[in-house]
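For reference, the structure is listed below as C-alpha cells.
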Amino acid sequence: MSRVFSGIQPTGEPHIGNYFGAMQNYVKLGQDYGKNSIYCVVDLHALTNPNAFDPALLAQRTLDMAVANFAVGLDPAQVTFFVQSQVPEHQELSWVLTNITPVGELERMTQYKDKAGQLESVPAGLLMYPVLMAADILLYKADTVPVGEDQTQHIELTREIARKFNHTFGETFPEPRAVNNKQALRIPGVDGHGKMSKSKGEQSTIGLFEPLDSIWAKLRVAPTDPARVRRTDPGDPDVCLVGDYHKLFSDDQTLRTVYDGCRSAGIGCVDCKKLLMTGIEEHLSPIQARGEALRADLDSVRDALAQGTREARAIAAPVMEEVRSKVGFLRP
Ligand code: AQP
C-alpha cells in the first residue's frame, strides 16, 4: 500500500519556504492519499536546536505549527496529522536504525555540517537527526515523502538505511522517494543570505502569519539584481530573489510584466516589489484569516491532534512489533 509521510519542525513560525517547498504538497497529496497521507509536527527533531530548550515555548510552537498546517488547507479529518513525541515508536525504531547506520554517513550530511559548524558544542542529537527522520518515514512504510530540496540527501540516506535493514533482517521497508515542488526547490531568504530558514531568524523569513506591513518593511530593503545600480539599468529577474518570489505569488500576466520590465528597465525595483506585495496579500490573507479562526478554537485543534495520534499509532504499533520480532527482541 502506497503511503505519504512528512514532518515539520516546531522551531518558529512557518515561512513561505516551508509553505511552497513542502506544506502545499502535503495538501495536494492529502487529497489523493487521504488517511494514508501522514504528517506530523516533529518536536523530537526540534530538540536538536538548543534554542528549543524552553518548555512552554516548544509546546506553544507545536500547537502553532498544527494551526498553520490546518490553516493552509490540511483537513485533519481527511489526513493523519499528529505530534511526533506522542507516538513513542518513532524513538524505538530510531534506536534500532542507529545501529545499522555508519557514523561516517551521518558526518557527511550537508545539513549536519552547516548546523554543527555554527555551534561551539555539537549535541549528539544533531548527528542522529537523519536516523530519527528515517525512523519517522519507515515506521509507516511510507514510499512518498514531500520535502524541500534541502532534505533530498536525508531521503537518500533513508533509502540506504531501509536497504541495510532489509538485507540484514529480511524484507520489511520500501525505499521511499522525495517529492519536490519544482517551483520552490530552495526559496532564498529575504535578507539575501542563502536559504530562507526559521533558525536564521526573522530577518531571513517571510512568515505565513506575518503582518503585511512587516513583510513590506523587509521586502522594501531586500537586495535585487546588483547589476541594476540605477533605475535605467536593465536587470536579470532570474538572479533576483524578488523575481523568484514572483514565480510563487504572481499570475502569468504579472510575471510577464515584471520579467520583461526588469530586462528592459521598463519597471523599477520598488514598483516590481509593490506588484509582488499584491500577490503576497492575495495568497496570505485567507491563510491568515483561517489561522485566526483556528486560534480562537484551540480545543478543536487539540482534539484533532489526539485523534491523529490514535490513527498514527494504529499503523506504527504493528510495524514496530514486526521490527522487534525480526531483530530478535524476546517477545512476552
Ligand atoms: N527555503 C526553503 N525552500 C524550500 N523548502 C524549504 N523547507 C524549509 N526551508 C525551505 C522545507 O520545509 C519543510 C519543513 O522544514 P523543517 O521545519 O522541518 O526544517 P528545515 O528544512 O530545516 O526548515 P527551516 O525553516 O530551515 O527550519 P530550521 O531553521 O528550524 O532548521 C521541509 O520539507 C523543508 O525541506
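Going by full-length UniProt numbering, the sequence shown opens with residue 1, and the numbers climb by one from there.
Ideal Cβ positions, reconstructed from N, Cα and C, are used throughout, including at glycine.
These figures come from a predicted structure and were not determined experimentally.
Does the distance from the CB of residue i to the CB of residue j come in under 8 angstroms?
i	j	result
Ala-304	Val-87	no
Leu-219	Met-277	yes
Asn-49	Ser-204	no
Gly-12	Tyr-39	no
Thr-144	Pro-176	yes
Leu-138	His-90	no
Leu-97	Tyr-26	no
residue 354	Pro-174	A question about residue 354 goes unanswered here, because the residues of the chain that appear run from 1 up to 332.
Pro-130	Met-109	yes
Leu-294	Phe-70	yes
Val-301	Ala-66	yes
Thr-172	Lys-35	no
Gln-78	Gly-30	yes
Cys-272	Gly-279	no
Gln-111	Asp-150	yes
Phe-209	Gln-288	yes
Pro-14	Val-41	no
Ala-265	Thr-309	no
Lys-28	Ile-100	no
Val-4	Tyr-33	yes
Ile-215	Ala-178	no
Quick one, which of the options has its alpha-carbon nearest residue i's?
i	options	result
Lys-247	Ala-227, Ile-187 and Gly-261	Ile-187
Pro-223	His-283, Tyr-245 and Ile-280	Tyr-245
Gln-84	Ala-56, Asp-297, Leu-132 and Asp-114	Leu-132
Arg-230	Gly-243, Glu-202, Ile-267 and Phe-81	Ile-267
Asp-43	Thr-257, Glu-160, Ala-56 and Lys-182	Ala-56
Tyr-19	Arg-3, Gln-253 and Gln-183	Gln-183
Arg-263	Arg-159, Pro-286 and Pro-237	Pro-237
Leu-126	Gly-189, Ala-46 and Met-320	Ala-46
Lys-274	Phe-165, Leu-212, Ala-265 and Asn-99	Leu-212
Asn-181	Gly-148, Ile-315 and Gln-91	Gly-148
residue 359	Phe-329, Thr-80 and His-167	It is not possible to answer for residue 359, since the shown part of the chain is limited to 1 through 332.
Tyr-259	Glu-282, Val-270, Glu-281 and Gly-235	Gly-235
Gly-170	Glu-322, Val-242 and Gly-201	Glu-322
Ala-142	Ile-287, Leu-330, Arg-290 and Ser-2	Ser-2
Leu-93	Ala-135, Glu-156 and Gln-111	Ala-135
Ala-64	Asp-251, Arg-324, Thr-257 and Arg-290	Note that residue 64 is Asp in the sequence shown, not Ala. The option with the nearest alpha carbon to Asp-64 is Arg-290.
Glu-281	Gln-31, Thr-62 and Phe-249	Phe-249
Asp-225	Thr-254, Gln-288 and Gly-192	Gly-192
residue 339	Trp-216, Ser-197 and Asp-252	There is simply no residue 339 to check, as the chain begins at 1 and stops at 332 in what is shown.
Val-221	Val-242, Gly-207 and Gly-201	Val-242
Ala-68	Pro-102, Arg-159, Glu-292 and Met-320	Glu-292
Pro-102	Pro-76, Leu-58, Thr-158 and Ala-52	Thr-158
Ala-314	Ala-52, Ser-121 and Phe-82	Phe-82
For the alpha helix (DSSP H) that residue i lies in, which residues bound it at each end?
i	result
Thr-144	Where Thr-144 is concerned, there is no enclosing alpha helix (DSSP H), although the beta strand (DSSP E) it sits in stretches over 144-146.
Ala-296	From DSSP, Ala-296 is part of no alpha helix (DSSP H); its letter is neither H nor E.
Ser-94	89-98
Phe-165	152-169
Tyr-129	124-138
Val-103	103-107
Could you give the DSSP three-state label for residue i: helix, strand or coil?
i	result
Ile-267	coil
Pro-174	coil
Thr-80	strand
Ile-187	coil
Val-4	strand
Lys-115	helix
Val-319	helix
Lys-195	strand
Val-327	helix
Val-72	coil
Threshold first: 3 residues or longer. Then list the beta strand (DSSP E) segments lying entirely within the stretch 20-64, N to C. 37-41
To test your reading of the DSSP string, which unbroken alpha helix (DSSP H) runs of 4 or more residues are found completely within the stretch 203-264? 212-220, 241-249 and 252-263
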